Amino acid sequence: MTRNVTRRDLLNGIAIGTGAGMLAPSGLLAAGEAATGFASKASRYYPPTLTGMRGSHPGSFEVAHDLAWRGKKPEQYQPLDEHYDLVVVGAGMSGLAAAWYYRKQVGHDARILILDNHDDFGGHAKRNEFHYNGRMLLGLGGAQNIEGLGSYSDEAVSLMNDIGIDQAFMDKLGESTADDYGMVLSTLTGPAQLGMAIPGPDGHVAVGGQWLLLLQGQGDYVSAIRELPLSTPEQDKLITLVGGDKDYLADLSLLETWEYIKTTPYNQFLTEKVGLAEETIAITNAWLMILGGYTGWNYSVLEACAGGSPGFRAIGWLGKAVSKAGVWVAESYLAPIRMFPDGNASVARLLVQKMIPMAAPDMKGTEDVVTARFDYSALDRADNPTRIRLNSTAVRVQEVAGEKVEVDYVQNGTALRVSADRCILACYNGIIPHLCPQLPDEQKQALQYGVKIPFVYANVLLKDSKAFSKLSANFYQCPNDPFQWVASAPDVAIGGYEPPRTPEDPMLMFMMSSPMEKPPTEGMHVRDVLRLARHKVYATTFAEFEQQIRNQLQSLLGKHGFNHTTDIKAITVNRIPHGYAYSYSGLHDPAWEEGKAPHEIGRRQFGRISIANSDSEATPLMNAATDAAWRAVQEQLV
């Protein structure tokens, strides 16, 4: 199949031809196309309702790739008669937070311009909005979790409180979420389940239960594993590993055991010591893949087991002594997480509406942000001090004579230039050396060290939930499939939004993929693994993603009456090749002294230019993004 991303991606949603062994797809809604119940092509510009390829969509990355890969950018720019107090490059969470902190300290009349290369704001926090049969359905286009505010810095808590997200509202979000919704597990012993689904000879075998606990040897793990479509020898080996019935490191001393689990890849342990086959190893890797973005070949035994994978109970008394750590860590990952029906897109919308009220003049705040419709034509109006300019890719940011910063960008093919007293780069680290070639070499090298973790989020509109409702859980791990998580979209009824309630109601399926290459990438540095995965995301066309989705859902739901050709009404694929911030690997990265790690060197202030993103904190969390924004603003105001 020809892999011409730009060409093929423009086919968003168009029916793809049938082939040997492939399911025959039906026609889908193409991006922006009219269909029954959907907004017409003549409606106002409103990116959340676009289907097809989203996230890093066609038009959002080509200019940046020309700059980074070929050193190519326009030779001349049209200077605009626009000078700002602050220009922010990037309208993700760090960029929006930087604008918020700056105007709060300088004053609401501060002139701020936020540039972004995408056609929507929010960065990884994108909103996928569908309308069908008179109902609005919301899905996750990216970042979704609001961690407990107790883990936030004072500055981050202040920002959240300013936009209406305080502890009382967090409690309300929790009360508004269905008790059995698997993506927001408030407790591992509650009614919500995290099931396991494995392809079998007659479609997927979906086994309910709380698999985070089962794989820690808690509950009736033997019966659950026996239900999986694995050979009996493979089941036996997995049961022995999970139950801790054998000490696989019995020939090692205590010190040797400790050294082994710190320096040996988890999957090497599973292969050499436990003897698991690749398809069984995938089951033990499922949770790691989504949480961290890569497999057990790039986690040590210690890291993987501490992250919730089985193994602690099977490495002697040392492991048994800390075997509860896996359960404790799994619990800590999940609670007290909360989310809006559209994930952190609502957090971005709250910030934007506060800074640009005319974008949603009737919106009250957290009580109706979920259902508010934004007027995108109001984002870049000259009569508002804060402006957001979309579809605008920065290509040069340079301090001039120590007096101002010039920012060159390309918007819809036109090369333009604005200036500002200060600039905050809230884009990702890897592009910054190309924007600012005058940075010191040490800083440029540091900025390019981390490789962002790629992901793919898909939302699939189904005409009803009759087939899905026959499963025993609403959230499944699918370790041997292209999309490792399959769940219903967030079941959060808040702000006038009502999720599907009966099997006859239309529903959204949420599917998430960590696009690792197979066979396993043993021996490869995790940064190179992530580069391969990023290439895979870009090289996979929408048609191929669509086929993967159809095949997987048909296999999972077909026995319950699902027919992909008639039941799927729309697909939105959010590819995120430059995804979550790189966190250092115990297997691959040295232990740097404080202040000497790449992210710390890379974020150094350069005159009137500061850097704010989650990369600069080496932490892929929203509160890290806001902390980085606070730091950058303070640098520029001191």
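In terms of the numbering used here, the sequence shown opens at residue 24 and continues consecutively. No residue lacks a Cβ here, since even glycine has one placed at the ideal position from N, Cα and C. Just so we're clear, the structure is a prediction, and the values are computed from it rather than from any experiment.
Assigned secondary structure, Val420 (DSSP; H/G/I helix, E/B strand, else coil): strand
Through-space distance from Val230 to Trp653, alpha-carbon basis: 45 Å
Backbone secondary structure at Val393 - three-state DSSP: coil
Selected residue, minimal CA-CA separation from His154, among Val324, Ile634, Lys285, Pro529: Pro529
Own chain partners of Leu90 with C-beta closer than 6 Å, once the 5 adjacent residues on each side are dropped: Lys96, Val418, His457
Opening and closing residue of the alpha helix (DSSP H) in which His88 lies: 85-93
Whole-number beta carbon distance between Asn636 and Asn452, since they are thought to touch under 8 Å: 7 Å
Secondary structure, alpha helix (DSSP H): runs of 4+ residues fully inside the stretch 96-169: 116-129
Three-state secondary structure assigned by DSSP to Thr303: helix
For Gly331, the three-state DSSP class (helix, strand or coil): coil
Segment limits, alpha helix (DSSP H) that includes Glu465: 464-470
Cβ pair Asn326, Gly94 closer than 8 Å: The sequence shown places Glu at residue 326, rather than the Asn named in the question. Not closer than 8 Å, so no.
Proximal residues to Leu462 (C-beta, below 8 Å), its chain only, five neighbours per side dropped: Ile455, Pro456, Leu470, Phe629
Neighbourhood of Ser176 by C-beta, 6 Å cutoff - its chain only, sequence neighbours within 5 removed: Asp650
Inter-residue spacing [alpha-carbon to alpha-carbon] between Val375 and Leu278: 54 Å
Any 3 or more C-beta pairs closer than 8 Å across the stretch 364-373 and the stretch 163-175: yes
Inside the stretch 368-414 only - beta strand (DSSP E) runs reaching at least 3 residues: 409-412
Reduced DSSP category for Asp514 - H, G, I as helix; E, B as strand; rest coil: coil
Identity of the residue in Met312, Phe568, Gly339 nearest Tyr283 by Cα: Gly339
Contacting residues, own chain, Cβ-Cβ under 6 Å from Glu527 (five flanking each side not counted): Asp487
At least three beta-carbon pairs within less than 8 Å, the stretch 498-510 to the stretch 297-316: yes
Inter-residue spacing [alpha-carbon to alpha-carbon] between Arg440 and Asn482: 37 Å
At least three beta-carbon pairs within less than 8 Å, the stretch 396-413 to the stretch 138-155: yes
Three CB pairs or more closer than 8 Å across the stretch 375-393 and the stretch 73-89: no
Contacts around Ala647, its chain only, beta-carbon distance under 6 Å, and the 5 residues preceding and following it disregarded: Ser637, Glu640
CB contact flag (His583, Lys493, <8 Å): yes
Glu178 - containing beta strand (DSSP E), residue span: Premise fails: Glu178 lies in the alpha helix (DSSP H), 177-185, not in any beta strand (DSSP E).
Gln671 to Arg77 span [Cα, whole Å]: Limits of the chain in this structure are 24 at one end and 661 at the other, which puts residue 671 out of reach.
Residue from Ala443, Ile262, Leu119 with nearest C-alpha to Leu103: Ala443
Between the CA atoms of Leu264 and Gly118 - distance to the nearest angstrom: 46 Å
Where the beta strand (DSSP E) containing Arg445 begins and where it ends: 437-448
Buried versus exposed call for Asp194 [16 or more other C-beta atoms within 10 Å across all chains shown]: exposed
Where the alpha helix (DSSP H) containing Thr564 begins and where it ends: No alpha helix (DSSP H) contains Thr564, which DSSP labels as neither H nor E.
Beta-carbon spacing of Val324, Thr287 below 8 Å: yes
Boundaries of the alpha helix (DSSP H) in which Asp270 is found, first to last residue: Element bounds for Asp270: n/a, residue is neither H nor E.
Cβ pair Ser495, Gly130 closer than 8 Å: no
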